[in-house]
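Just below is one structure, and these are the notes that go with it.
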Amino acid sequence: MSDLLYTEEEEALRSAVRGLLAAHCDAASVLARVETDEPHDRALWKSLAEGMGLAGLLIPEELGGQGATHREVAVVLEELGRSVAPVPYLTSAVVATVALLDCAGDEASELLGALASGRTVGVVAVPLPAAPGQAFNGVREEGGRLQGRVTGVADAAAADVLLVPTSSGLYAVDVTDDGVTVEARTSLDPTRPVATVTFVGARARVLTDNAVPAVRRALRAGAGLLASEQLGLAEWCLTETVRYTRERRQFNRPVGSFQALKHRLAQVWLEVVGVRAAARSAADTLAAGSDDADVAVAVAQAYAGPAAVHAAEEALQLHGGIGMTWEHPVHLYLKRAKADSIALGSAGRHREELAELVDLRAP
Amino acid sequence: MTDAAELRRRTQELLAAYPPATTDRTDFLKARFDAGLSWVHYPQGLGGLGLPRSLQTVVDAELAAADAPDNDPRRIGIGLGMAAPTVLGFGTDEQKQRFLRPLWIGEEVWCQLFSEPGAGSDLAALGTRAVRDEATGDWVINGQKVWTSGAHTARWAILIARTDPDVPKHRGITYFICDMTDPGVDVRPLRQITGEAEFNEVFLTDVRIPDAHRLGEIGDGWKVAQTTLMNERVSIGGSRIPREGGMISAVAKTWRERPELRTHDLHQRLLKLWVEAEVARLTGERLRQQLVAGQPGPEGSGMKLGFARLNQEISGLEIELLGEEGLLYDDWTMRRPAVVDFLARDAGYRYLRAKGNSIEGGTSEVLLNIVAERVLGLPSEPRTDKDVAWKDLAR
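These protein sequences, in sequence, are chains A and B.
At position 190 of the first sequence the residue is numbered 190 (the UniProt record's numbering), and the sequence of numbers has no breaks.
At position 67 of the second sequence the residue is numbered 67 (the UniProt record's numbering), and the sequence of numbers has no breaks.
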């Protein structure tokens, strides 16, 4: 059975990350940044990656990483979710990193070293909604050059290198190449914006000649660990809403004393408790490389997405009018929660996956 | 030697002195109690060794491996889960010596006389009276209790009754141990929507309780009862279950074996409930790991809420999946089951019995208040009954 708790080291890691985010990623600065041309917080990324070595948690020490596991990464993601931090951690330090870890060869090793340092940001060029196991055929390779277009690529605007799956393998492409265009799109979630990436004869280095297993494992790790981001996100929504409803007075009493409201918050708490158990199960089975990881990830994603959206929607409603204002940060959490519920396979897709995995087949 | 190794040694010593294969079941259980291996977190001399509760698993594993008899915990659940911790916490030395051993061995079954027709969620409003007979010092009890499981087999009951109607409701209650063989105790089956009668109504008419069977101080009954109720909610939904264990197992089995019953709508709902059941299982497992690690969290408060809703939704889905068969019911005959076993009967029974899960042991509405106020720290509703004498409350 999985270890579903947090170790002392994991709690220490959490405190360190939370401390950094409290100092450098408050809601007002996140909000101020989202309307600028620079939606990603590069200074924060530098502190997380270079200062704390967090970009290389999953990368072995001999390649310049920390040699840690998915369990520690999950704790970092909880804290990043709690702050809706606009950094490419899930995309670069999880999805792109796991894809590269599945590739042998010097090219992949070199890239892993660069990703571990945080000086290079890598992004797998697939649409954010892609679930583990989904097929991709938007880009084709001819003679070491790529041709095609991928839409909905999260954090592509922050990427230095794109990892591109094609039918002839997984390729690395530098975004500075003349044949690459990254067009940022105005996104529902401005803290993790998506972009359209177009390749017109872009020069590509092959990483592996079969992209399918590498991308599948990468998206599975991303989906499983996304549940931890959703946990942090939902916890922030619950904590802030409890705080607000204790203070806000109407009808000469705190609105949080009305059962109509407190029952809704208790329900959110129940779901947060469930998300934590499911997210720890996914992180632990991924860390252990367990046969049960497919089921644990699908369960976590089938549950966490809707639960985080529910927490954010309740947070907005129970904040009343203030929750509808641009000034109050709750909308950043709602937008991230809703985008996350589509990311890396919707709850419905993960349930369909489970139907196969646990033999509860469709009619 | 570590505590665990020492426990293993003592358990093996017990098994050597009383080989399960050739020892009478009751004799074995008595010897186990006297060896302090019944509940190791209890004090020495009372069936335990004063060790951490988590070490009980060491003893249980050794005994299970040796095929030793157990005390049939489901039959004596109220005694083990509710009466015993209360006797231990508030009883006199004489009471602990008198009651705990036969309780654990199962020689004496216990029941709980708490709820009343007029005091359900608002248990502290109870009206069963206990009046002191100044001549003998005994207490004379009059009133009616309800939803008493096992009253017809119980030797003893834990009872709360009003000893002072002139003070606010929480302050005028006293906790007693009631002899169920007293001629003033009248137990009548209470038939429920499943057709059977797990529970009873208990009418108490001039029942005499000696003062030596009072548990805790006069007027402290509400505080004593909190210990009982906390333990009740810990025991509901506390055990470890495998993936797809419990209520979901029946409907998953039918789904696999009967493809002709499948529809797309049912498929979506089944998968959603399967996921929720798995998340509830993981939540329970995480809670268990926290307890073993000595860091109990507040998560336990929510377990019963989750299981109640899941049991109801899953059993409802199961009836729909069965279609025409879902129109049938196995047996409406009035029976007196000793234990509740959801999986021993059909889907209709599960559907109906599960309706009680959100009422018994604290309604889901009350439990949501508890989570909101005690876990989240939200303020309570304004109270109109706190400073009013019980006798002046609206009824």
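The beta-carbon is built from N, C-alpha and C at its ideal position, and this holds for glycine as well.
None of the values given here were measured: they were computed from a predicted structure.
- With a threshold of 8 Å between beta carbons, A:Gly232 makes no contact with chain B.
- Between the alpha carbons of A:Gly152 and A:Leu286 lies a gap of roughly 26 Å.
- The Cβ-Cβ distance between B:Leu352 and B:Thr194 falls below 8 Å.
- Under the DSSP assignment, B:Glu381 falls outside any alpha helix (DSSP H); it carries neither an H nor an E label.
- Per the C-alpha coordinates, the member of B:Ala125, B:Leu204, B:Ala197 and B:Cys178 positioned closest to B:Val185 is B:Leu204.
- Per DSSP, the continuous beta strand (DSSP E) segment holding A:Thr208 begins and ends at Arg205 to Thr208.
- Using a Cβ-Cβ cut-off of 7 Å, A:Lys46 is close to nothing in chain B; its nearest Cβ partner there is about 35 Å away.
- Proximity of A:Val330 to chain B, defined by a Cβ-Cβ separation below 8 Å, is not satisfied.
- The alpha helix (DSSP H) runs of length 4 or more contained entirely in the stretch 285 to 337 of chain B are, from start to end of the chain, 300 to 322.
- Linking B:Thr181 to B:Arg155 through their CA atoms gives a straight-line distance of about 7 Å.
- In summary, B:Asn369 is buried, with 16 or more beta-carbon neighbours lying within 10 Å of its beta-carbon over all protein chains present.
- At a Cβ-Cβ threshold of 8 Å, B:Pro168 and B:Ala344 do not count as neighbours.
- Exclusion of the five residues before and after A:Val34 leaves Pro190 as the residues of its chain whose Cβ lies within less than 6 Å of its Cβ.
- Only exposed fits A:Ser15, as fewer than 16 other CB atoms lie within 10 angstroms of its CB.
- Distance from the Cα of A:Gly148 is smallest, within the candidate group A:Val126, A:Gln134, A:Arg217 and A:Ala96, for A:Val126.
- In this chain, the alpha helix (DSSP H) harbouring A:Gly274 covers Gln259 to Ala288.
- Rounded to whole angstroms, the Cβ separation of A:Cys25 and A:Ala85 is 5 Å, and the two are in contact under 8 Å.
- Counting only Cβ-Cβ distances below 8 Å, A:Thr245 has contacts in chain B at Leu378, in chain order.
- At least one CB atom of chain A sits nearer than 8 Å to the CB of B:Gln289.
- A:Leu31 places its beta carbon 8 Å or farther from that of A:Ala116.
- Within chain B, the residues whose beta carbon sits less than 9 Å from that of A:Pro254 are Leu378 and Pro379, listed in sequence order.
- By the criterion of a C-beta distance shorter than 6 Å, B:Phe99 is surrounded in its chain by Val87, once the five residues flanking it on both sides are discounted.
- Put simply, the stretch 306 to 321 of chain A does not touch the stretch 290 to 298 of chain A. Fewer than three CB pairs are less than 8 Å apart.
- In chain order, Leu282 and Arg286 make up the part of chain B whose C-beta sits under 9 Å from the C-beta of A:Arg280.
- For B:Val292 against B:Ser54, the beta-carbon gap comes to about 5 Å, under 8 Å, which counts as contact.
- A straight line joining the alpha-carbon of B:Gly172 with that of B:Gly127 spans about 10 Å.
- The three-state secondary structure of A:Pro363, taken from DSSP, is coil.
- Look at the beta carbons and you see the stretch 270 to 278 of chain A not touching the stretch 329 to 349 of chain A: under three pairs across the two are nearer than 8 Å.
- CA-CA distance, B:Trp332 to B:Gly326, rounds to 15 Å.
- B:Ser315 counts as buried, since no fewer than 16 other beta carbons sit within 10 angstroms of its beta carbon.
- In the DSSP annotation of this structure, B:Arg395 is not part of any alpha helix (DSSP H), being labelled neither H nor E.
- For B:Met303, the closest alpha carbon among the candidates B:Pro210, B:Leu367 and B:Phe342 is that of B:Leu367.
- Apart from the 5 residues on each side of it in sequence, A:Glu353 sits with its Cβ closer than 6 Å to the Cβ of Ala298 in its chain, given in chain order.
- For a Cβ distance threshold of 9 Å, nothing in chain A lies close to B:Gly172: the least Cβ distance comes to about 27 Å.
- Here B:Met82 is buried: its Cβ has 16 or more other Cβ atoms, across all protein chains shown, within 10 Å.
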